[in-house]
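K.L.:
Taking the numbering used here, the leading residue of the sequence shown gets 510, the next gets one more, and so forth.
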Amino acid sequence: MVAGLRAAACGRSSEVTSQTTPSNANGSSAPTSDKQPVILTRELTKHYGNFVALDSLTMDVARGEILGFIGPNGAGKTTTIKILVGLARPTSGSASINGVDCERSARDVRKMVGYMPDKFGSYDNMRVLEYLDFFASAFGIHGAKRKQRIADVLELTGAGYMRDRFVESLSHGMQKKVGIARTLLHDPQVLIFDEPANGLDPQARIDLRELLLELGRLGKTLIVTSHILPELSRICDKVAIITHGKMRAFGNLADIMSTLRQRRTIEVQVESHDQLQLAEQRIRPRLSESDELSLSEAEGMVRFTTENQDDFLADIVGDLIAGGVRVVQFREVQADLEDAFLSVTREAEEPKAELAKASDPGVKQSAARETA
510 MVAGLRAAAC GRSSEVTSQT TPSNANGSSA PTSDKQPVIL TRELTKHYGN
560 FVALDSLTMD VARGEILGFI GPNGAGKTTT IKILVGLARP TSGSASINGV
610 DCERSARDVR KMVGYMPDKF GSYDNMRVLE YLDFFASAFG IHGAKRKQRI
660 ADVLELTGAG YMRDRFVESL SHGMQKKVGI ARTLLHDPQV LIFDEPANGL
710 DPQARIDLRE LLLELGRLGK TLIVTSHILP ELSRICDKVA IITHGKMRAF
760 GNLADIMSTL RQRRTIEVQV ESHDQLQLAE QRIRPRLSES DELSLSEAEG
810 MVRFTTENQD DFLADIVGDL IAGGVRVVQF REVQADLEDA FLSVTREAEE
860 PKAELAKASD PGVKQSAARE TA
């Protein structure tokens, strides 16, 4: 199937519909690649009564890209996925796959999308081969083509050795492979995987990572949701962070980290333990109230977080040296996807916390007494 998929992927590159560059929920231009978007949402909004599940969500994913779609539970990820696969209608805005509107042409969209939820149904009393044959028939694949397609997906997913085993006898990781094989049967151009790494052991995660990367190389466009952020960061071309139905950050990880109000973590290793207090005395007065500082005697390390820029850090280095602190190492700890997620979600919650505080009668009474 690998060779067949590569040939099919090359033939599809001319099918992708040209779209206008979208903009993020904050009004800035959404990061796009040079390739035309396969998945495109514009101001996508979904209300359930008075509850806003999605609020003007805009994003694009190009052919062959893997998007990490992350957010806390209830953020709106599942609602977005349901709209993309034609299982829910947006209140306003639009979503399209290869230029085909997900609401108006849901049946056509489903032919182009393969979706594997976190918990997917399986017929435990079927053998793997029977299970895939059943779904291939449901997809309208018949005769010799069906037999070949099943063989192809088993080969691609590395599940060929379990073809004659009952589904109920398989480990969780093996069942995930069978689920992915089923998702690939109709050769969809877009693949959506909801928490595919859940419950997998380390080796199964490595196998899954390699499979998802291979699918991207074959020209598939992927959306992957996961709470295992370090693993997700190793495969994604783009990241979308969503909270309370709003897009908080979108783009490649480096771009996100450079545009966020991200706190920087600095480590200062000194020559000996008796230098720790001296280093602290030189650093702490320069920090703001929101900055944090800690000492690790075991490592001979001072750690502090700050939102200040490079010139501030250069001044600290100079001050340490001038004060007689023997610095062995001064470095910034590189932020990762987990740091970005925590920063974004923290910033999203701050206005809500302030609003709740302002509306608290006790707070209002206290403020009134202070101003009286």
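We put the beta carbon where it would ideally sit given N, CA and C, even for glycine.
These figures come from a predicted structure and were not determined experimentally.
#1: Beta carbon of PRO546: closer than 7 angstroms to some heavy atom of the ligand FAD?
#2: For LEU665, name the three-state secondary structure that DSSP assigns.
#3: Between which two residues does the beta strand (DSSP E) carrying GLU841 extend?
#4: Around the Cβ of ARG840, are there at least 16 other Cβ atoms within 10 angstroms (buried) or fewer (exposed)?
#5: Identify which residue in LEU731, ASN634, ARG718 and LEU638 has its Cα closest to the Cα of PHE702.
#6: Counting only the same chain and skipping the five closest in sequence on each side, list residues whose C-beta sits under 6 angstroms from that of MET682.
#7: Taking the alpha-carbon of THR734 as reference, which of ASN817, GLU704 and VAL570 has the nearest alpha-carbon?
#8: What separation, rounded to the nearest whole angstrom, lies between the Cα atoms of LYS755 and ILE689?
#9: How far does the alpha helix (DSSP H) with MET683 in it reach, from first residue to last?
#10: Determine, for GLU612, whether the minimum Cβ-Cβ distance to residues of chain B falls below 8 angstroms.
#11: Would you mind sorting GLU677 into buried or exposed? The rule is 16 or more other CB atoms within 10 Å of its CB.
#12: For the stretch 744 to 790, which segments carrying the beta strand (DSSP E) assignment without a break, of at least 3 residues, lie completely within its bounds, in sequence order?
#13: Note down, in chain order, each residue of its chain lying with its Cβ closer than 7 angstroms to the Cβ of VAL834, except the 5 sequence neighbours on either side.
#14: Compare the Cα-Cα distances from GLN818 to each of ALA849, ASP845, ASP848 and ILE775 and report the closest residue.
#15: Apart from the five residues just before and just after MET568, which ones in its own chain have a Cβ nearer than 6 angstroms to its Cβ?
#16: At which residues does the beta strand (DSSP E) containing LEU549 begin and terminate?
#17: On the DSSP bridge list, what partners appear for GLY577?
#18: Hey, out of ARG674, LEU724 and GLU740, whose CA is closest to ALA706's CA?
#19: Does DSSP put PHE821 in a helix, a strand or coil?
#20: For ARG793 and LEU802, I'd like the C-alpha separation in whole angstroms.
#21: Going by other Cβ atoms of all chains shown within 10 Å of its Cβ, with 16 needed for buried, is ALA571 buried or exposed?
#22: How is the beta strand (DSSP E) around SER797 delimited, first residue to last?
#23: To which residues does DSSP link VAL570 through a beta bridge?
#24: When DSSP builds the beta bridges, which residues end up paired with MET625?
#25: Here's the rule I'm using: 16 or more other beta-carbon atoms within 10 Å means buried, otherwise exposed. How should ILE590 be labelled?
#26: Between the alpha carbons of ALA653 and GLU719, how many angstroms are there, rounded?
P.N.:
Looking at the atomic coordinates:
#1: Ligands are entirely absent from the displayed structure, and the ligand FAD is therefore not among its contents.
#2: helix
#3: 836 to 842
#4: exposed
#5: LEU731
#6: It should be pointed out that residue 682 corresponds to Gly in this sequence rather than to Met. Taken in chain order, the residues that qualify are LEU709 and ALA713.
#7: GLU704
#8: 29 angstroms
#9: 681 to 693
#10: Absence of chain B from the displayed structure is noted, only one protein chain being present.
#11: exposed
#12: 747 to 752, 755 to 760 and 773 to 779
#13: VAL779, GLN784, LEU787, ALA788 and ARG791
#14: ILE775
#15: THR550, ALA749 and PHE759
#16: 546 to 557
#17: VAL733 and VAL748
#18: GLU740
#19: helix
#20: 7 angstroms
#21: buried
#22: It is not in any beta strand (DSSP E) - SER797 carries neither H nor E in the DSSP assignment.
#23: ILE548
#24: PHE702
#25: buried
#26: 29 angstroms
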